[in-house]
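Numbering (the working numbering), first residue to last: 229 to 481.
Below is the structure:
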């Protein structure tokens, strides 16, 4: 059995209770917080048979760390079984539409990764793929920012990103990367079929080999004065455009 780790924040803890209540060992709550939101969490934990302990806020602060905004809630959990271990598990599963992936090339900011997972969940992405090295993993901050999406969207960390991308291409998945200097823009690209949107790290963008492995590069149309977007905002725009195309319904005239 894996070692327990912590989740903090209401969204992350509530999502784990809903999705995998048996993996929650105990929940620590701020003894001074007695609002309706806390009462709802306590009720859900009680229904799931999960023990809750009231503790001093200073103990929660110590567990969450200096940058951990725990909101008065921390859970000790063991990792639930992972239904998908690699991209082949996804591709061979019973998908209801063409495969839809988000590939993140070296995202190191946990807040950006958490936000990417959140929008990936909202847009129905089948999995988020990222390299194991020089990139942030699923730490407590990522799970907190993801607001439960880290528990619902498969996150596949791979040893060799370029090789994984080539495997996706062999499976018929089109790889569409983003680059400010690209000749074509996002809105001109057909994204309704099997597709993986590939976005780069903050500031540096896609690495050379990653960009070269893509089938196409597109830019995000910009209409204001800012010159760039962070990766989580860019992911939201790209995934929404793909979902818009995949959800098109032609209304008879």
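For each residue, glycine too, the CB sits at the ideal point set by N, CA and C. The model shown is predicted, which means the values in this text are computed figures rather than measured ones.
What separation, rounded to the nearest whole angstrom, lies between the Cα atoms of residue 329 and residue 284? By one-based count along the chain shown, residue 329 stands at place 101. By one-based count along the chain shown, residue 284 stands at place 56. Using only the alpha carbons, I get a separation of about 42 Å.
Cut-off 6 Å between Cβ atoms - residues of its own chain near residue 331, not counting five sequence neighbours on either side: Locating residue 331 in the chain shown gives position 103, where the first residue counts as 1. Within the same chain, residue 331 has close Cβ partners 357, 424 and 426.
Check whether residue 253 and residue 232 have beta carbons under 9 Å apart: Start at 1 with the first residue of the chain shown, and residue 253 comes out as number 25. Start at 1 with the first residue of the chain shown, and residue 232 comes out as number 4. Yes. Within cutoff.
From the DSSP output, in three-state form, read off residue 229 for me. Here residue 229 refers to the residue found at position 1 when the chain shown is read from its first residue. Low per-residue confidence applies at residue 229: pLDDT is 49, beneath 50, and the placement is therefore not dependable, though the value from the model is reported in the following sentence. Reduced to three states, the DSSP call for residue 229 is coil.
Taking the beta carbon of residue 372 as the centre, do at least 16 other beta carbons fall within 10 Å, making it buried, or is it exposed? Residue numbering aside, residue 372 sits at position 144 when the chain shown is read from its first letter. That one is buried.
DSSP-derived helix/strand/coil call for residue 225: Shown here, the chain extends from 229 to 481; a query on residue 225 therefore has no answer.
Which residues in the same chain have their Cβ closer than 7 Å to the Cβ of residue 386, if we skip the five residues on either side of it in sequence? On the chain shown, residue 386 is found 158 positions in, with the first residue counted as 1. Here the set comprises 357, 359, 360 and 392.
Per DSSP, which one or two residues make a beta bridge with residue 359? For the purposes of this step, residue 359 is taken as the residue at position 131 of the chain shown. DSSP output for residue 359 lists 386 as bridge partner(s).
Which of the three DSSP states is assigned to residue 472 in this structure? Residue numbering aside, residue 472 sits at position 244 when the chain shown is read from its first letter. It is helical.
Return yes when at least one heavy atom of the ligand SAH lies under 8 Å from the C-beta of residue 336, else no. Annotation note on the ligand SAH: not contained in the displayed structure, which lists no ligands.
Excluding the five sequence neighbours on either side, which residues of its own chain have a C-beta within less than 6 Å of the C-beta of residue 198, listed in chain order? Past the boundaries of the shown model lies residue 198; the chain is included only from 229 to 481, so the question cannot be answered.
Could you tell me the alpha carbon to alpha carbon distance between residue 410 and residue 460, rounded to whole angstroms? Position 182 of the chain shown, counted from the start, is the residue given in the question as residue 410. Position 232 of the chain shown, counted from the start, is the residue given in the question as residue 460. Between residue 410 and residue 460, the C-alpha separation is close to 19 Å.
How about residue 338 and residue 422: do their beta carbons lie closer than 9 Å? Counted from its first residue, the chain shown places residue 338 at position 110. Counted from its first residue, the chain shown places residue 422 at position 194. No, Cβ-Cβ distance for residue 338 and residue 422 is not below 9 Å.
Ordered list of beta strand (DSSP E) runs contained in the segment 243-331, each at least 3 residues: 252-258, 279-283 and 301-305
Give the C-beta separation of residue 349 and residue 377 to the nearest angstrom, bearing in mind that I take them to be a contact with Cβ-Cβ under 8 Å. In the chain shown, counting from the first residue as 1, residue 349 sits at position 121. In the chain shown, counting from the first residue as 1, residue 377 sits at position 149. Indeed, because the Cβ distance is near 4 Å, the residues count as touching under 8 Å.
Mapping DSSP to helix, strand and coil, what is residue 342? The residue labelled residue 342 in the question sits at position 114 within the chain shown. Note: residue 342 maps to helix in three-state DSSP.
Check residue 434 in the structure and name its three-state DSSP category. As a working mapping, residue 434 is identified with position 206 in the chain shown. Three-state DSSP puts residue 434 in coil, outside helix and strand.
Alpha carbon of residue 396 to alpha carbon of residue 428, nearest angstrom: Here residue 396 refers to the residue found at position 168 of the chain shown. Here residue 428 refers to the residue found at position 200 of the chain shown. Whole-angstrom Cα-Cα distance: 18 Å.
Where residue 349 sits in the DSSP three-state scheme: On the chain shown, residue 349 is found 121 positions in, with the first residue counted as 1. Residue 349 falls in the helix class under three-state DSSP.
Residue 377, enclosing beta strand (DSSP E) - first and last residue: Counted from its first residue, the chain shown places residue 377 at position 149. Per DSSP, residue 377 belongs to no beta strand (DSSP E) and is neither H nor E.
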